[in-house]
Structures are given as structure tokens and as C-alpha cells.
Amino acid sequence: MEKEVVLGLLGLGNIGGGVWDLIREFGAETAKRTGVRLRVKKALVLDKRIHGGKEVPDEVLTTDRSDILEDPEIQIVCEFLGGEQPAASMMLRALENGKSVVTANKMALSLHFDELRAMAKKTGAGLYYEASVGGAIPIINAIQSPLISNRIEQMMGIVNGTTNYILTRMAAEGAAYETVLKDAQRLGLAEPDPTADVEGYDAAYKLSILGSIGFHSRVKVENVYREGITKVTPEDIAFGREMGYVLKLLAIGKDNGEAIEARVHPAFLPADHPLARVDGSLNAVFLFGHSFRDMMLEGRGAGDRPTASAIVGDIIQAAQNAEHPMPYLREDPLPVADDWYSRYFLRMKAKDEPGVLAEVTGKMAKNGISVSAMMQKDADAEGKATLIFITHSASEKAVRRAVKSLNPEICRVENVIRVEDAVEA
Ligand SMILES: NC(=O)c1ccc[n+]([C@@H]2O[C@H](COP(=O)([O-])OP(=O)(O)OC[C@H]3O[C@@H](n4cnc5c(N)ncnc54)[C@H](OP(=O)(O)O)[C@@H]3O)[C@@H](O)[C@H]2O)c1
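Numbered by the working numbering, the letters in the sequence shown go through residues 119 to 543 in order.
See below:
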């Protein structure tokens, strides 16, 4: 026997439209498989005349949120508005009214995680957010269910398709960041204002969600170290490649039992690391757990249909669960570290004369940093040579101190990029 579940959609743009289409086209088959027949009763939009060209009956469209949030017949509210507000307060109201919420909104979820969880706990409603990280990839479910009997020690994700597309093309073509960004904007792969993606904010929200549920300890987005890809040059990528590395924007979380590392920044990976071959707009998350060891999940991190796939999966779970699962988070959250160990790639310009190496290695040694590899490129027209150093594992703070102490008359540091090594399995 099929049961009907009544939905209200907040937003009918790219993602809301994708969910509408998937339910319309595949809802009958999904109902056969799950026993749950989905009916969209209302969809909230800003302007009823514009709704992505979807064939949505007039009576379904509304501009009044209370038609969804206050309607007792609507059991599940699906939020695809985007942005922090009014999305967060609408989700809160839905939960307060005992309706389960399914969202794809990493920003509102990351910023209001505690309130939303508390309200869901209070009313017994469900809060589901598989699509908020990694689009179609079932990473949230994987962490919360099949992998639950693990201490997840490390997660490294390519969780932003726009920046991965830009870096992939910069690497393949030797093209400048600005050139590829413009192309990505023309192709609709980057927003007209690309800040959220290229400065790493989007990835930081996602890491805050993944880290919180993976480490069972709240990781607030304001504690995530964040650096975007705007300073990366094709030379960095090419020099890294010569030394056996591939550059990616990574969301990195580590738990050593006493503190959590949470950071988003460009990072070099050994060319044989599974994440190194995740190209274009694809997403992937690499996990290391004490029992399963290492694992990578890869797939489409954005787009209407891949995202709708995760959302409809959540809706079915919300409809089927008699009791909604709530991830366990420890009451005394671990601190998020403001220092960490990594290896470092340092690109410098220096006068091609004696004393330069002594200046660099001397200042590094003074800060407890040793060099594992070095490469020199011929001097340019101004007589400046490019020097690349790769350090052994060193503390972030020590590297910053060493870089600051270098005499810019002798050598100027042009970029510092972290180098992440494979986990020892
Ligand atoms: N795009 C992706 O590939 C992707 C992937 C994963 C997650 N997400 C997340 O999914 C969410 C939605 O993204 P999207 O690309 O679908 O956005 P979008 O195309 O801009 O759609 C937003 C929808 O919300 C409606 N809306 C916005 N503000 C509203 C308000 N104050 N009151 C009523 N309606 C309002 C808009 O109405 P109108 O139609 O009238 O303008 C539109 O239908 C975001 O949180 C995003 O981060 C997106």
C-alpha cells in the first residue's frame, strides 16, 4: 500500500525546479520502490509569473510562506531558497510546526545548525541535508549510518565544483585565473559575483557541516581557516607538477582526539592521490576512519538533477522514518586548532647571487623548518631567479614567522601553498 506524503517547496529555481521535475517524471516509479507517493501541494516563489519555465499548475504556486509553513496537511518542507535569511527562519518555523525539513542550503544550515537541531529535537521533526554537501554524493548518509562505527580521523574534500573547474583548466591550459574565471562565468559554471566560490566561503560552510557530523563536535564556520584560489598562478601549478603535485582547493578536517583542524585552502596533493584525478566540476570526499581506513566518494556536486537526486532521497527517508535520526554531537566541543602541521611549497623571486640560499634556509632553520626539495629556474630579464622550496612537515605559525622574517631585498615570497600528503594507511 502506498502512502501519500504532502510536500511544500520553498523556492522553485534551479534546484526546486529539478526536484519538481524528478518527482513528476520518476515519482510513480519511486512510489513503487518505496511505498511513498510524493505530492507537491505548494511551491513558494518571489514572482508567480517566473518559475523557471516549469509546467507548474497555478494553484501550486504561492508568494505567501504561511501557505506552506502553517498548512497542517503539509508534512515535509523542502527549502531551496538559498542564502541565510529568510531561509533559516522559515526552516525553523516549519520544524516548530512539527514538519520535517529537507534542505540543500549549506549557508543557512551551517550558520543556524544549533538552533535548527534544537528545534527538531524539541518537536520530533526531522532535519535532512544530504544535498547541502557534495550534491548527489551520499556523504552525509555515509558518515551517519554505514560508517558510524568509526572514529573519522581525516576528511579531505573537493566540495566546490566551480573552483575545481577553474583549477583543472588552469592546469591543462596554463591559463591565468582571470581568463578561466571569465569563461566559467560565460558557461554558467561561476556566478556573476564569484566570491562565495573562489574565496572558499562555500567550501567552508560545507566543511563546517561535514566536520560537525563527522567528528561529532560542532565546527563553526567562523573557526574554519579559509583561503581561496585567487592568488594561484599557472606558474605555481606548473612548478608543482614538475615536483609531482596537483593543485586542488581542499576542505580539510582532521581530528587528533584533542583538537580539530578545519581549513579550506589551495593545496598540493601527490599526483597519485585519489583526489588528484578528480577534475572539472566533479566533487569528491576522501575519508580516513580508524576501522574502514581510507575511502573516497566521488560524483556530481551541483546541477539541478544530481542535487534533486539527493533531495528526493532525503524526502523519502523523512517520509519513511518513524523516528528521525539526529547526529550525536558531544556537549563539550573540541577546540578548532589555530595551528597545524603540513608541508609547504614556497615560491620566491630572488637575486641570482650568492647568499640567497643561506638567507632562506637560515631563516627557516631558525624557525625549526627544514627543506625537503628545492628547484631553481633561470633568472628573468630583471636578473631575478625563481626559487621553489618544499619543506618537511612544519607548523603553520612557524612558516608564517619564517616568511615574514625573510629580507625582501634578497628574496621576495610570491606564494605559499600547503602540501598535503597521503594518509599512512
Ligand atoms: N545550484 C546548484 O547546483 C546547487 C547545488 C547544491 C545546493 N544548492 C543550494 O540550493 C539552494 C537553491 O539554489 P538554486 O540554484 O535553486 O537558487 P535559485 O535558482 O536562485 O532559486 C531560488 C528560488 O527561491 C525563490 N526565492 C528566493 N528568495 C525568496 C523569498 N525571499 N521568498 C520567496 N521565494 C524566494 C526564487 O523565486 P523566483 O523563482 O520567483 O525568483 C527561486 O524560485 C541554495 O541554497 C544553493 O546553495 C544549489
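The beta-carbon is built from N, C-alpha and C at its ideal position, and this holds for glycine as well.
Pairing Met492 with Leu365, the inter-Cα distance amounts to about 18 Å. Residues of the same chain with a CB within less than 8 Å of the CB of Gly216, apart from the 5 flanking positions on each side, are Thr241, Gly242 and Ala243 in chain order.
Look at the beta carbons and you see the stretch 432-449 not touching the stretch 491-505: under three pairs across the two are nearer than 8 Å. Counting of Cβ neighbours within 10 angstroms places Asp432 among the buried residues, the total reaching 16 or more. In the structure shown, Met119 falls within a coil segment according to DSSP collapsed to helix, strand and coil. At a threshold of 8 Å, Thr313 does not count as near ligand 1, since its beta carbon sits no closer than that to any of the ligand's heavy atoms. In terms of Cβ geometry, Ala302 and Arg287 form a close pair [threshold 9 Å]. Judged by DSSP secondary structure, Ala491 falls within the beta strand (DSSP E) whose first and last residues are Val489 to Lys495. In the structure shown, Leu307 adopts coil according to DSSP, grouped into three states. Annotation for Gln272: the continuous beta strand (DSSP E) segment containing it runs Ile270 to Ile276.
Following the DSSP letters along the chain, one finds Asn401 in no alpha helix (DSSP H) but inside the beta strand (DSSP E) bounded by residues Leu400 to Gly407. A direct Cα-Cα distance of roughly 7 Å separates Ile255 from Leu415. Exposure of Asn374 is indicated by the presence of fewer than 16 other C-beta atoms within 10 angstroms of its C-beta.
For the pair Met209 and Ala222, the Cα-to-Cα distance works out to about 12 Å. For Ala206, the CB contacts under 6 Å within the same chain, skipping 5 residues up- and downstream, are Ala226 and His230 in chain order.
Residues of the same chain with a CB within less than 8 Å of the CB of Ala516, apart from the 5 flanking positions on each side, are Asn485, Gly486 and Ile487 in chain order. Ile261 and Arg155 have their C-alpha atoms roughly 27 Å apart. The three-state reading of DSSP puts Tyr247 in coil, since its state is none of H, G, I, E or B.
Beta bridge pairing from DSSP links His230 with no other residue. Gly134 carries a helical assignment under DSSP once its states are collapsed to helix, strand and coil.
When DSSP states are grouped into helix, strand and coil, Leu140 belongs to the helix group. In this structure the stretch 333-345 does not lie against the stretch 353-361, because fewer than three pairs of beta carbons, one per stretch, are closer than 8 Å. About 7 Å separates the beta carbons of Trp138 and Val158, which is inside the 8 Å limit, making them a contact pair.
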